[in-house]
Structure formats: structure tokens, C-alpha cells
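Novice:
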Amino acid sequence: MDRRNFVKSAVAAGAVVASGLAAIGCSAAPSDASPASREGGDDSTGARQGVVAPDVTQGAPRDLPPANPDPESGFGVDSSINIETIDEWLERDDVAYRDVRMLFDPADYASIGGDPDLTATVEGFKVVPFPLVATLPPLPVAGAYEGLAAWTVEWAEDGSVASASPAYRESESLLRELFPEDKAIFLMCGAGGYAGQMRQLLIHLGWDAERVYNVGGFWSYAGKHRVELIESSPDTDDGRLCCMWRVEVAPIDFTWMHSL
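According to mature numbering (1 follows the signal peptide of the UniProt record, and there is no 0), the sequence shown holds residues -28 to -1, 1 to 232 in order.
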């Protein structure tokens, strides 16, 4: 069984994800609990010089800086809280951590050096697939997801949202429960594209722009809180073991939702 079919069969066996997605740079209840198993790299692969431990005064975490997209980033990745510094900002009760990739993405990200399958993530991030949340803009890769989405979005040429309307009666509650407005929102994907688009949608719909952060792309993550979802094993025919239970995935199932 090849790698992609392995992931697809693992998802089918695990029950909770509707069909694949796409978009540049990215792939259960609304809880923000950390995955049950913590998979950190060793010092030789995980540690990075220059990453400082969180500033703590009398047990309180330091204040979050306002979201500040880097003007040099094509996707609007935050200049302070990003994939290089994310380890400093984990395990906070005032943050909702969201990985907006899917477990399997039909887009041809391999052609641009990415991984179309979500085989690892960062501890504490919950998977909320962006292409199931909103219709996608045109993408520079083949095979982009064209299936159902909770929101119908028209995208402006500059990447902002021109209009957005709910496709289901559940669409608004889906956003408000999975992206709580009383918390800061940290968005991560593969390279930063899906996360940037999710940020644009939330801001368009009234979320505070200073509290929604595009953390950027997991493909560049080199920190110590990596969670492996596929592991090597000499005891299986394909040399891999599925460990998808280590990540929480939002169950967006259109079968049970009510069209408008």
C-alpha cells in the first residue's frame, strides 16, 4: 500500500473527516485539549538556538503582542508569533490553536516540495480543515479540493474576502465554536496559505484582527513539540504505523448539516 492510500485508509477507519482539500501552503468537539501523546524531537533535531522560554512572572504568561503580519511574507505570516517562535507560545489557556490542513489533501503539494498528507503536527493544535470551512481561491497547484464547504466565499484579487455567506444553518455556530472570539487564534497550515485565508475570513466576519495570528507553515517547523501521526515500523507491510488518535480533528460532516 502506498503512503497516500495508507493515510486515506487510516482516515476512513478513524471516522471523522469529510473528503480532501487544497490550497497553497496547507491540510472532536470544540475542545482545546492537547493531544494525549506528546512527541518531542531529541536535542539533535528539535532544539533550536535563539528560542527563549516563555517570560513568566508569578506564574502568569507574558502578554500576547498584537497580531502583526510580516509585510515581507506573501501569506501574511506573523512577524512575532510564527513557526520559528511557536514553542514559546504553547500551552496557553487564552489561545485556541488550529491546524487548518486536512489529513489528506488532493492538491499536488509534492510538486512544490510540500507534504499533501498531514503526517505530523505541533502539540496542542486541533485540526480544522480550512477547505471544509470555506470555498478556496484559485490555487497554483493542481487537484485542489472542490467539494462542499460551510461558507461560500468570493475572494478579491488582493487575497482579501470580498463576500462570505453561510451555506448551512450550522455555518455560523461552526465558526464561533471552533474559533472562539474570547481567545486569541493561532492558525497553522503547511506553508502559510490556508492559515492566511482563514485569518482573512475571520477578520471579514468580525473577529479582532489583532487577536488572529497566521503562525505560518508546519513544513518549516523545527521545534521540540512535534507530534508524529505516522511512525515507522518493521512489523507492517508498508513499514508504517498509523497514530492518528494523537491529534484532535473537528468533525465537519455535511451529511448532518442543513443547507440554506
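In this text, a Cβ means the ideal position worked out from N, Cα and C, and glycines have one as well.
1. Taking the alpha-carbon positions, what's the S137 to F158 distance?
2. Please classify residue 289: does DSSP put it in a helix, a strand, or coil?
3. Looking at the secondary structure, which residues open and close the beta strand (DSSP E) in which residue 309 lies?
4. In chain order, what are the residue ranges of uninterrupted alpha helix (DSSP H) at least 4 long that sit wholly in the stretch 77 to 128?
5. If you reduce the DSSP assignment to three classes, tell me which class I53 lands in.
6. Which two residues bound the contiguous alpha helix (DSSP H) that contains L173?
7. Are there 16 or more other CB atoms within 10 angstroms of the CB of residue 276, so buried, or fewer, so exposed?
8. Apart from the five residues just before and just after P152, which ones in its own chain have a Cβ nearer than 7 Å to its Cβ?
9. At a threshold of 8 Å, does Y193 count as lining the ligand MG (C-beta to nearest heavy atom)?
10. Alpha carbon to alpha carbon, how far is D80 from P88? Give it in angstroms, no decimals.
11. Taking P38 as the reference, give the member of A167, A128 and I53 with the closest Cα.
12. Mind checking A92: buried by the 16 CB within 10 Å criterion, or exposed?
13. Based on the DSSP output, what are the partners of Y69 in its beta bridges?
14. Tell me which same chain residues have a C-beta within less than 6 Å of the C-beta of D42, skipping the five on either side of it?
15. Whole angstroms is fine: what's the gap from R218's alpha carbon to D35's?
16. Taking the straight line between their C-alpha atoms, what separation do you get for D180 and S205?
17. At the level of alpha carbons, what is the spacing between V72 and E44?
18. Determine whether the beta carbon atoms of E220 and K98 lie at a separation below 9 Å.
19. With DSSP collapsed to three states, give me the class of I202.
20. With burial defined as no fewer than 16 other Cβ atoms inside 10 Å of the residue's Cβ, what is the status of W61: buried or exposed?
21. With a 10 Å radius around its C-beta and 16 neighbouring C-beta atoms as the bar for buried, classify A114 as buried or exposed.
22. Counting C-beta neighbours from all protein chains within 10 Å, is the total for T227 16 or more, i.e. buried, or is it exposed?
23. Going by the DSSP bridge assignment, what does L36 pair with across the sheet?
24. Taking DSSP as the reference, what is the three-state secondary structure of R212?
25. Given S135, which residues of its chain have a CB within under 8 Å of its CB, disregarding the five upstream and five downstream residues?
Specialist: Result, derived from the coordinates:
1. S137 and F158: Cα-Cα distance of roughly 23 Å.
2. For residue 289 there is no data in the structure shown, the boundaries of the chain being -28 and 232.
3. Beyond the ends of the chain as shown, which are -28 and 232, falls residue 309; an answer cannot be given.
4. List check, alpha helix (DSSP H) in window: 102 to 105.
5. Reduced to three states, the DSSP call for I53 is coil.
6. It spans G165 to H176 - the alpha helix (DSSP H) in which L173 sits, taken as one unbroken run.
7. Residue 276 is absent from the model: the chain starts at -28 and stops at 232.
8. The answer, listed in chain order, is A68.
9. This structure does not include the ligand MG; it has no bound ligands of any sort.
10. Each residue's Cα considered, the two are about 7 Å apart.
11. Of the listed residues, the one whose Cα sits closest to P38 is I53.
12. A residue is called buried when at least 16 other Cβ atoms come within 10 angstroms of its Cβ; A92 meets this threshold and is buried.
13. Its beta-bridge partners are F158.
14. Contacts found: V49 and S51.
15. Straight-line spacing of the CA atoms in R218 and D35 works out to 29 Å.
16. Distance between the alpha carbons of D180 and S205: 45 Å.
17. C-alpha separation (whole angstroms): 22 Å.
18. The criterion of a C-beta distance shorter than 9 Å is satisfied by E220 and K98.
19. Of the three classes helix, strand and coil, the one that applies to I202 here is strand, per DSSP.
20. Looking at its Cβ environment, which holds 16 or more other Cβ atoms inside 10 Å, W61 is buried.
21. Exposed, because fewer than 16 other Cβ atoms sit within 10 Å of the Cβ of A114.
22. Flag for T227 reads exposed.
23. Paired residues: none, contrary to the question.
24. R212: strand per DSSP, three-state reduction.
25. If we look at S135 and ignore the five residues flanking it on each side, its Cβ neighbours are V125 and E126.
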